[in-house]
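Step one of this worksheet: look at the structure below.
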Amino acid sequence: MPCRSLPLTPAAARRPGGRRAEDGAGREARTLGHITDTRTHRGLERALEEAAASGALNISSRKLKEFPRTAANHDLTDTVEADLSKNRLTDVPSEVCHLVALETLSLYHNCIRTIPDGIISLQSLTSLNLSRNQLCALPSCLCGLPLRVLNASNNKLVSLPESIRQLHCLMELDISCNEITALPRHIGRLKALRELNVRRNLLCVLPEDLADLPLVKFDFSCNKVSTIPVCFRKMKQLQSLQLENNPLQSPPAQICLKGKVHIFKYLSIEACRSEKMPDALYLPAMERLSLSRPTAGSVEDMEQQKKQDSDSGVGSDNGDKRLSATEPSDEDSLSLNVPMSHITEEEGLSKDDSIEHISSLTDALTSPVPLSFAAVFLRSHKSLESVDPQFTMRRKMEQLREELELMEQLRDSIESRLKVVLPEDLGSSLMDGVVLCHLANHIRPRSVASIHVPSPAVPKLSMAKCRRNVENFLDACRKIGVPEDKLCLPHHILEEKGLVKLSMTVQALLDEFSPKLSFLT
Numbered sequence: 001m002p003c004r005s006l007p008l009t010p011a012a013a014r015r016p017g018g019r020r021a022e023d024g025a026g027r028e029a030r031t032l033g034h035i036t037d038t039r040t041h042r043g044l045e046r047a048l049e050e051a052a053a054s055g056a057l058n059i060s061s062r063k064l065k066e067f068p069r070t071a072a073n074h075d076l077t078d079t080v081e082a083d084l085s086k087n088r089l090t091d092v093p094s095e096v097c098h099l100v101a102l103e104t105l106s107l108y109h110n111c112i113r114t115i116p117d118g119i120i121s122l123q124s125l126t127s128l129n130l131s132r133n134q135l136c137a138l139p140s141c142l143c144g145l146p147l148r149v150l151n152a153s154n155n156k157l158v159s160l161p162e163s164i165r166q167l168h169c170l171m172e173l174d175i176s177c178n179e180i181t182a183l184p185r186h187i188g189r190l191k192a193l194r195e196l197n198v199r200r201n202l203l204c205v206l207p208e209d210l211a212d213l214p215l216v217k218f219d220f221s222c223n224k225v226s227t228i229p230v231c232f233r234k235m236k237q238l239q240s241l242q243l244e245n246n247p248l249q250s251p252p253a254q255i256c257l258k259g260k261v262h263i264f265k266y267l268s269i270e271a272c273r274s275e276k277m278p279d280a281l282y283l284p285a286m287e288r289l290s291l292s293r294p295t296a297g298s299v300e301d302m303e304q305q306k307k308q309d310s311d312s313g314v315g316s317d318n319g320d321k322r323l324s325a326t327e328p329s330d331e332d333s334l335s336l337n338v339p340m341s342h343i344t345e346e347e348g349l350s351k352d353d354s355i356e357h358i359s360s361l362t363d364a365l366t367s368p369v370p371l372s373f374a375a376v377f378l379r380s381h382k383s384l385e386s387v388d389p390q391f392t393m394r395r396k397m398e399q400l401r402e403e404l405e406l407m408e409q410l411r412d413s414i415e416s417r418l419k420v421v422l423p424e425d426l427g428s429s430l431m432d433g434v435v436l437c438h439l440a441n442h443i444r445p446r447s448v449a450s451i452h453v454p455s456p457a458v459p460k461l462s463m464a465k466c467r468r469n470v471e472n473f474l475d476a477c478r479k480i481g482v483p484e485d486k487l488c489l490p491h492h493i494l495e496e497k498g499l500v501k502l503s504m505t506v507q508a509l510l511d512e513f514s515p516k517l518s519f520l521t
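Going by the UniProt record's numbering, the first residue of the sequence shown is number 1, and it counts up by one from there.
Structure follows, in structure tokens:
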């Protein structure tokens, strides 16, 4: 059988020339690599020369796996800043630990797993950036440095050393994006700490020692915290608080959404409830909650007695000044018109004790012997042993609960009649008067002739238009037949301070519409 020759494939046909092409490409690659190495070497040399001259070493983004060996040829003893970020270092180079004048060191975005004990020799180091590495723990020797800024975010830390309390100069601590489950017990000893970032960890509990720190910024978002300790209300210098993405139960979510001020007020209320604090300390936290609804036979008697005393011409300490007969404001309906600057916290009277103290106070004021108001309070006030704080707090919490129920019933009545859903913040949804004017028109059509409403271009009414709506609503209530003593004042609605007063007005309005309808308890 004759042999038939097979045609050569294109690859076989080009094999000799292809081998030569591969050899040429290899030589070109080696040449380019040599050129690159040369340029890198020259860049390192230039950086080392600049560091020796300026005291700032910058060898970032050079894919270094170790400290340049040629650094021994340069005098770097006076280096105060070193930037070794974005390299491939697996540990802190020992050469860096010999730069004793170093003040700022950045090892950001490397592969560092360990920190040598020799770093303790950097006794001038104030700023250390270890973020985006592979650290599983911070060595105790690190806490012997005079650090002011420590950034160890985006690592694999599971805890902080107990010796971190030795960083007395530390002002900023960033340990976000780690796997830390608990903060050290003595973290409250970092008396200079201003900023603390523990975002995106596994924290379940915030230590109460944090309340002793002068923090200005605190971020514990993206954790597993369910409760904010009530002692955090003492953090007076705190300006920025980040707490989102936590399963918070105390304070509840609707309180947290309103911001730091509402959170701290909630914590103050909880502290009063749990610690049985005196009523005088409880009132400031509740000043915006209109707790001035009079109790039958107590506040009215007090006001009548005050008017009698003021008309009788009883003088003050110097015998010249007369007692004021002006009615108290709605925010402070229990004021005795006494100069509060002369009364200490221990001398303050609670609302629930007003009945038994008003008669003795009147007798003391009408006596011929000139006494200071503080002395009268001290003489007439019962001893602390005879006052039951549990009774006072219980009455106050019952009153608060009743007012919250009134506001919820006010919400239900408006929503059921107008077929609308009001926002969570009832005060802000009623302050512009739009909903109230519609309610008046629902009770009696055309009782409010014109209503200023927001538009897509201007989603929020000006204060002048809000006041006009509120005044029109109150005028409509008068026309419908609501008594004057049941009407609230415009500032109760505009300033969101008198929802209880407003609920009484709305109740009276609904009573005119249907005498049998009542949603107050």
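Heads up, the beta-carbon is just placed ideally off N, CA and C, and yes, glycines get one too.
query	result
Expected contact under 8 Å - CB spacing of Ala440 and Val448 to nearest Å	5 Å
Boundaries (first-last residue) of the alpha helix (DSSP H) holding Ala211	First-last for Ala211: undefined, no H or E at that position.
Cβ neighbours of Leu509 in the same chain (closer than 8 Å, five flanking residues each side left out)	Leu439, Ala440, Ile443, Cys477, Ile480, Val482
Rounded Cβ spacing between Asn133 and Leu167 (contact assumed at less than 8 Å)	Wrong, their Cβ atoms sit about 19 Å apart, outside the cutoff.
8 Å CB neighbourhood of Arg88 in its chain, flanking five on each side removed	Lys63, Leu64, Lys65, Asn110, Cys111
Separation of Arg401 from Leu135, as counted between CA atoms	51 Å
Inter-residue Cα distance where the pair is Glu49 and Leu206	48 Å
Buried versus exposed, by CB contacts within 10 Å (16 or more), Leu157	buried
Distance, Leu99 Cα to Thr70 Cα	15 Å
DSSP three-state assignment for Ser240, whether helix, strand or coil	strand
Between the CA atoms of Leu474 and Met235 - distance to the nearest angstrom	42 Å
Whole-angstrom distance between Leu494 and Val80, CA atom to CA atom	59 Å
DSSP-derived helix/strand/coil call for Leu100	The sequence as given places Val at residue 100; Leu does not occur at that position. Note: Val100 maps to coil in three-state DSSP.
Nearest candidate by alpha-carbon position, reference Asn245, set Leu170, Arg199, Ser140	Arg199
Inter-residue spacing [alpha-carbon to alpha-carbon] between Asp432 and Glu195	39 Å
Beta-carbon proximity list for Asn178, same chain, < 6 Å, skipping 5 on both sides	Asn155, Leu157, Asn201
Chain-order list of residues whose beta-carbon lies under 6 Å from that of Gly319 (same chain, five-residue window excluded)	In this predicted model, Gly319 has a pLDDT of only 40, less than 50, meaning its place in the structure is not dependable; the value taken from the coordinates is given anyway. None.
Glu162 versus Ala52, Gly188, Val225, residue with shortest Cα-Cα distance	Gly188
Selected residue, minimal CA-CA separation from Arg394, among Thr90, Val230, Gly427, Ser274	Ser274
Residues near Ala47 by beta carbon distance below 8 Å, same chain, minus five either side	Leu57, Asn58, Ile59
Leu147 (DSSP reduced to helix, strand or coil)	coil
For Ser462 and Lys224, the rounded distance between their alpha carbons	42 Å
Reduced DSSP secondary structure (H/G/I, E/B, other) of residue 556	Residue coverage of the chain in this structure runs from 1 to 521, which leaves residue 556 outside it and unanswerable.
Leu413 classed as buried or exposed, judged by whether at least 16 other C-beta atoms fall within 10 angstroms	For clarity, residue 413 is Ser in the given sequence; the question names Leu instead. Buried, by the Cβ-count rule.
Cβ-Cβ distance between Asp212 and Asn197 below 8 Å	no
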